[in-house]
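Chains as they are written, first to last, in UniProt numbering: chain A, 1 to 119; chain B, 1 to 203. Each residue gets a CB set at the ideal place from its N, CA and C atoms; glycine is no exception. Small disclaimer: the values here were computed from a predicted structure and weren't measured.
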Amino acid sequence: MAGRGKLIAVIGDEDTCTGFLLGGIGELNKNRKPNFLVVEKDTSITEIEETFKSFLARSDIGIILINQFIAEMIRHAIDAHMQSIPAVLEIPSKEHPYDASKDSILRRAKGMFSAEDFR
Amino acid sequence: MRADQHLRLDEQLLLFMDQLEALEEKRHKLNSLIEEGWFSIAKTRYSMGNKQVSALQYASEMEPLVHVEASLLEGGTAEFKCERRQNKTEEMKKNTVEDIGVNETGLRRRINTKQKGVKEEEEETDPQVKTKAESSTPEHREPLKWFGILVPQSLKQAQSAFKEVITLSAEIASLQSAILATRKEMQAQVKDKQEKTQTEIEE
Chain A
1 MAGRGKLIAV IGDEDTCTGF LLGGIGELNK NRKPNFLVVE KDTSITEIEE
51 TFKSFLARSD IGIILINQFI AEMIRHAIDA HMQSIPAVLE IPSKEHPYDA
101 SKDSILRRAK GMFSAEDFR
Chain B
1 MRADQHLRLD EQLLLFMDQL EALEEKRHKL NSLIEEGWFS IAKTRYSMGN
51 KQVSALQYAS EMEPLVHVEA SLLEGGTAEF KCERRQNKTE EMKKNTVEDI
101 GVNETGLRRR INTKQKGVKE EEEETDPQVK TKAESSTPEH REPLKWFGIL
151 VPQSLKQAQS AFKEVITLSA EIASLQSAIL ATRKEMQAQV KDKQEKTQTE
201 IEE
C-alpha cells in the first residue's frame, strides 16, 4: 500500500456502482473486502451503516461517494463524521435528483448564517 | 485596528461565496455527467439485454485504476488529486514488445558466450521467466471486459463519462474541505470581533 494513493469508495444503487466501477475505482483487497456496496431493495439500513463506518475506519480510503437517498437513511452517521479524510460526497441517483439543501456539507456551511452566529 | 479586522472578515466572506459558487458550478457539471453515464448504461442494457449489465458481471478480482492523493494542508484542509494508472491493454501491448527485445538480446548473448560456461545461460533464462510473469498480468483490470469482449459503443461512452465524474469528484471533495475550513476561520473571526465589541461597550 505504501507509496500508493488512496481509494475511492462507493455506496449506491446498481447503476451508480456499475458506472464508477467502469471508471476503474473498484478494488477487492486481500481479505476480499470490496470498496463498494450495491444497495438493493432488500439491503438493510444496518448493513449500509456498518459498511459506511467500515469505510470510514479504513485508512486506504480517501473519498466516499454515496447516493443522496442512501445518505438520508444514515444521516446521523454522516453528520457525526467531522474529519476531512475520508471526504464524504453525496451524489444524485436515478430516481432522486440531487438536493443541495439535504447535503451535510452545505447544511454545515449554511449554519454560518444562522441567527446564533450573529447574536 | 477594527477596520482592519472588518476588512479581513469581508475578504473571508467573499472567498467563502466564491468557493460556494465554484462548488455549485462543479456540482452541476457532476450531476449532468452522471446522468449522461446512466443514459449510456441504459442504452447498453437495451442493446445487450437487461441482465447483461448488472452487478453479476463484476469480476471476481479487481484492481483499482484510479487513486486519489490526499494531503492535509494548513488549517485542516484536505486536498485530493486524482491519479489514473495507464490503461491495462496499453501496458500489455508494451510488455509484448519488450518480450521480443529481451529474447533477441538473449539469443545474441548465447552465441557470444557459448564457451564461458553454463552459469551465464542460467542468468539468461531469468529475464525470460520474468517477462512471462509480467505478461501474464490479469485482464480483469479493464472493467469493460467484464461485460464482454465486443461491448457496444454506449458502454465505452458511459465509462468515459464516469471517468470524468471521478476526476470531478476529487475536485469537489477538495473544495468542500476548503469551504468548511473557510467557514471555521470566519466563525473564529466573528467570535473575536464580538468579544472585542463587548469589551469596548463595557469600557
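Spatial neighbours of residue i in its chain, beta-carbon cut-off 8 Å, leaving aside the 5 residues before and after
i         : result
Val-38(A) : Gly-12, Asp-13, Glu-14 and Cys-17
Gln-12(B) : Thr-182, Glu-185, Met-186 and Gln-189
Lys-53(A) : Ala-77
Tyr-98(A) : Gln-68, Glu-90, Ile-91 and Pro-92
His-96(A) : Asn-67, Gln-68 and Phe-69
For residue i, the nearest candidate out of the options (CA to CA)
i          : options                                          : result
Ala-173(B) : Arg-27(B), Leu-56(B) and Leu-14(B)               : Arg-27(B)
Gly-19(A)  : Ala-55(B), Gln-198(B) and Thr-77(B)              : Ala-55(B)
Tyr-46(B)  : Gln-194(B), Leu-72(B), Val-151(B) and Leu-175(B) : Val-151(B)
Asn-31(A)  : Phe-162(B), Glu-74(B), Glu-61(B) and Gln-176(B)  : Glu-61(B)
Ser-160(B) : Asp-4(B), Glu-36(B) and Leu-14(B)                : Glu-36(B)
Gln-68(A)  : Ser-101(A), Thr-43(A), His-81(A) and Asn-29(A)   : Ser-101(A)
Lys-94(A)  : Arg-84(B), Leu-175(B) and Ile-41(B)              : Ile-41(B)
Glu-72(A)  : Lys-41(A), Ser-104(A), Lys-53(A) and Thr-51(A)   : Ser-104(A)
Glu-171(B) : Lys-81(B), Ser-32(B) and Gln-86(B)               : Lys-81(B)
Gly-49(B)  : Leu-155(B), Lys-193(B) and Ser-169(B)            : Leu-155(B)
Lys-110(A) : Ile-166(B), Leu-7(B), Glu-203(B) and Leu-20(B)   : Leu-20(B)
Leu-9(B)   : Glu-202(B), Lys-191(B) and Gln-198(B)            : Lys-191(B)
Ala-9(A)   : Thr-46(A), Thr-43(A) and Arg-58(A)               : Arg-58(A)
Gln-83(A)  : Lys-29(B), Glu-83(B), Glu-79(B) and Arg-84(B)    : Glu-79(B)
Lys-33(A)  : Phe-55(A), Thr-43(A) and Asp-79(A)               : Phe-55(A)
Glu-83(B)  : Val-68(B), Gln-157(B), Ala-158(B) and Leu-73(B)  : Val-68(B)
Cβ pair residue i, residue j closer than 8 Å
i          : j          : result
Val-66(B)  : Ile-25(A)  : yes
Lys-6(A)   : Ile-91(A)  : no
Phe-162(B) : Leu-22(A)  : yes
Glu-40(A)  : Ile-74(A)  : no
Leu-33(B)  : Glu-164(B) : yes
Pro-143(B) : Glu-27(A)  : no
Ser-169(B) : Leu-65(A)  : yes
Lys-193(B) : Gln-5(B)   : yes
Ala-87(A)  : Ile-70(A)  : no
Trp-146(B) : Ala-59(B)  : yes
Strand pairing of residue i, partner residues [DSSP]
i          : result
Ala-78(B)  : Leu-72(B)
Pro-34(A)  : Leu-28(A)
Val-88(A)  : Ile-64(A)
Val-10(A)  : Phe-36(A) and Leu-65(A)
Arg-107(A) : According to DSSP, which records beta bridges pairwise, Arg-107(A) is partnered with nothing at all.
His-67(B)  : Glu-83(B)
Residue-chain proximity (residue i, chain A), Cβ-Cβ < 8 Å
i          : result
Met-62(B)  : yes
Gln-5(B)   : no
Arg-183(B) : yes
Pro-152(B) : no
Ile-149(B) : no
Glu-69(B)  : yes
Lys-163(B) : yes
Gln-159(B) : yes
Gly-75(B)  : no
Asn-31(B)  : yes
Interface flag, residue i vs chain B, CB-CB below 8 Å
i         : result
Gly-12(A) : no
Glu-72(A) : no
Ser-84(A) : yes
Glu-27(A) : yes
Ile-45(A) : no
Ala-9(A)  : no
Lys-6(A)  : yes
Thr-51(A) : no
Phe-20(A) : yes
Leu-37(A) : no
Lys-94(A) : yes
Cβ-based neighbour list, residue i, same chain, cut-off 6 Å, excluding 5 preceding and 5 following
i          : result
Thr-77(B)  : Ser-177, Ala-178 and Ala-181
Asn-35(A)  : Leu-7, Ala-9 and Glu-27
Thr-197(B) : none
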